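So the sequences go chain by chain: A and B.
Each number in my numbering comes from the position in the first sequence (counting from 1) with 1279 added on.
Each number in my numbering comes from the position in the second sequence (counting from 1) with 1279 added on.
Using N, Cα and C, we set each Cβ at its ideal position, and we do this for glycine too.
Just so we're clear, the structure is a prediction, and the values are computed from it rather than from any experiment.
Contents: one structure, followed by commentary.
2 protein chains.
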Amino acid sequence: MKIMSDTSPSAETVILPGEPESLSASVVHRLELEILKGQRKPGDRLDERQLADHFGVSRTPVREALQRLAASGLVVSRGRQGLQVAQLSLADLLDAFSVAAEMEALASAQAARRIRPDQHNRLEAAHQACSVAANIRDAEGFYEANLEFHETIAAASHNRILSEELRRLTVKISPYRRTITFQPGRMESSIPEHEQIMQAIFRGDAAQASQLMRSHVTLLGDGLSDLLHFLRLYGDQKLLTELA
Amino acid sequence: MKIMSDTSPSAETVILPGEPESLSASVVHRLELEILKGQRKPGDRLDERQLADHFGVSRTPVREALQRLAASGLVVSRGRQGLQVAQLSLADLLDAFSVAAEMEALASAQAARRIRPDQHNRLEAAHQACSVAANIRDAEGFYEANLEFHETIAAASHNRILSEELRRLTVKISPYRRTITFQPGRMESSIPEHEQIMQAIFRGDAAQASQLMRSHVTLLGDGLSDLLHFLRLYGDQKLLTELA
DNA sequence: TTCCACAAACTGGCATACAATATCGTGGTC
DNA sequence: GACCACGATATTGTATGCCAGTTTGTGGAA
């Protein structure tokens, strides 16, 4: 065991008290979180030794973590040139949102039939948090609350497979969803949509909940042009080159 | 490099000529194939050293492969008690089929709009192969051709994300889908369903293709009782205990 | 000044050695 | 005879060293 010297790693090295997870599992979670929080952006290279230092472990658990993330599609291998955070083309991004829309729609339908009282409350709380964050223009807070809202619906579907797949996909597109969340007006327009979806679930209207969620998540409407506009403004050429 | 002695490993050790994939990637593919082919069944333990011997590599690439498969949900970790091929509960299985149904439905809808001529031919060929296999009661052949049929539709959706997710899910439920395929009458009933789906795709009727595929894949109708009957007959208690 | 070639450092892939922990068998005692 | 405890063994988790392929930088020649 290496003793932590004064050159402390930049990441926390505490083990979560809940479960003594293995180091590789710990690295998976922490890396996922860093990507989800936008600290590592699509296209960033992932150097094994650097990550090992960063997390205070050896290369082996880092490599295993990267393999897992690669299998999830969160990072991609470029042959012997190392790995990098997955960079979705514009086409991939639209595809991913169409898949996510279907899965969220299914989750909403099943949630409408299966939701439990405690999840009922949790969903209302998440919706409340979204509203508050939107009112005070707290984009970061809204992003968090929005994740909670959608994750609660996934949990309420009581469909373990669906929850897992949805979570994987959510993490994969989270860097891009962030930029959408931060679009002006996006937060405000989400609130009534959330409200309608939630009400449909509460009254057990699976078809309606499903349909509402599908259009809420789908990017192909207004969202697409908004996104394109944003990308043009901020010059994310990597995405736009796909349009040539 | 270890020279292959006369105690040859039971698996082929040739490198595919196409691309010099890494050993861990090779192990992933070969293990997936063995699970897909039913050579390794749900609940089977996966011993690292044994697999390393089996594939003629060291434990490191085997471990990395297992990590990837674990991330896909194909194998599950049981703490320090090693890994085993994922064993879906009955509830999980129904959930998985409901998710697969939605994703295949989406694939069919997009395929109806985007299919290319060469994929048109490929789909017809796969359908032909299914028919032939069904006629001569070749369950194994039908299983293969059926995979090809569904995979062609996924490819024709030209949705990379969807194809990947669907592939992962397909592999995960393949052991169970096998038992369904081998139900008496299942092959025969699939042929007209495939026919209808294919025709809907060919005439670009996305809504119809989607709907037909959804009911084709969904287990909740006749398929469920068939499956339960099968499980009872063959006493797969591990699944049935979930019913208690 | 520019381009090519060669070398050195870097980085990922694999194997092996070591550490920690769980399981199983055996022996002793109640 | 049965149950518990302790130790041997097997298996997983982690670290490290070596090798191969790639990239980059430098020096020389055109």
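Linking A:A1424 to A:S1410 through their CA atoms gives a straight-line distance of about 9 angstroms. Of the candidates B:R1393, B:A1412, B:T1431, the residue whose Cα lies closest to the Cα of B:R1482 is B:R1393. A:N1425 does not reach chain B, its nearest Cβ partner there being about 21 angstroms away, counting only Cβ pairs nearer than 9 angstroms. With its beta carbon less than 8 angstroms from one in chain B, A:I1440 belongs to the interface. Using a Cβ-Cβ cut-off of 8 angstroms, A:Q1487 does not count as an interface residue toward chain B, since no Cβ of chain B sits closer than that to its own. Chain A has no Cβ within less than 8 angstroms of the Cβ of B:D1332.
At least 8 angstroms separates the CB of B:G1483 from every CB of chain A.
Runs of the alpha helix (DSSP H) spanning 4 or more residues and lying entirely within the segment 1360 to 1419 of chain A occur at 1369 to 1393, 1396 to 1414, in chain order. For B:A1375, the residues of chain A that pass the 8 angstroms Cβ criterion are I1440, in the order they occur in the chain. For B:E1343, the residues of chain A that pass the 8 angstroms Cβ criterion are R1342, E1343, Q1346, in the order they occur in the chain.
In this structure, the beta-carbon distance from A:R1342 to B:E1343 falls below 8 angstroms. Interface annotation, A:V1496: not in contact with chain B, CB-CB separation never under 8 angstroms.
If you draw a straight line from the Cα of A:A1386 to the Cα of B:D1332, it is about 43 angstroms long. Two segments are said to touch when three or more pairs of C-beta atoms, one from each, lie closer than 8 angstroms; by this definition the segment 1432 to 1440 of chain A does not touch the segment 1431 to 1439 of chain B. Contacts between A:D1397 and chain B, judged by CB atoms closer than 7 angstroms, are missing: the closest CB pair is about 20 angstroms apart. Rounded to whole angstroms, A:I1480 and A:Y1422 show a C-alpha spacing of 22 angstroms. With contacts defined by Cβ atoms closer than 8 angstroms, A:M1477 and A:A1384 do not form a contacting pair. Here A:V1336 is not near B:L1441, since their CB atoms are 8 angstroms or more apart. Not a single C-beta of chain A is nearer than 8 angstroms to the C-beta of B:L1302. Sequence-distant Cβ neighbours of A:A1380 in its own chain, meaning closer than 7 angstroms and more than five residues away, are R1493, V1496, T1497.
Contact between the segment 1394 to 1404 of chain B and the segment 1352 to 1361 of chain B is absent: fewer than 3 CB-CB pairs across the two stretches fall below 8 angstroms. Contact of B:V1378 with chain A is assigned, a C-beta pair being separated by under 8 angstroms. Shown here, A:V1336 sits in coil according to DSSP, grouped into three states, outside any helix or strand. One thing to note: A:E1427 has its Cβ no nearer than 8 angstroms to the Cβ of A:A1391.
The beta carbon of A:E1311 sits closer than 8 angstroms to those of L1348, L1353, V1450, all from its chain and outside the five residues before and after it, given in chain order. Comparing alpha-carbon positions, the option among A:P1471, A:Y1455, A:A1413 lying closest to A:I1314 turns out to be A:Y1455. When the Cα atoms are used, A:A1412 and A:A1418 turn out to be separated by approximately 7 angstroms.
Neighbourhood of B:G1352 in chain A, by CB distance below 7 angstroms: E1443, in chain order.
Excluding its 5 nearest sequence neighbours in each direction, A:E1443 has no C-beta neighbour in its own chain below 6 angstroms. Around the beta carbon of A:I1415, a 10 Å sphere encloses fewer than 16 other beta carbons of the protein chains shown; the residue is thus reported as exposed.
Judged by DSSP secondary structure, A:S1356 falls within the beta strand (DSSP E) whose first and last residues are 1354 to 1356. Less than 8 angstroms divides the Cβ of A:G1361 from the Cβ of A:D1326.
Contact annotation: in the segment 1362 to 1373 of chain B, residues whose CB is within less than 7 angstroms of a CB in chain A are D1371. Against chain A, the beta carbon of B:M1466 has no neighbour under 8 angstroms; the closest one sits roughly 26 angstroms away.
The residue among A:P1321, A:V1364, A:P1340 with its C-alpha nearest the C-alpha of A:T1458 is A:P1321.
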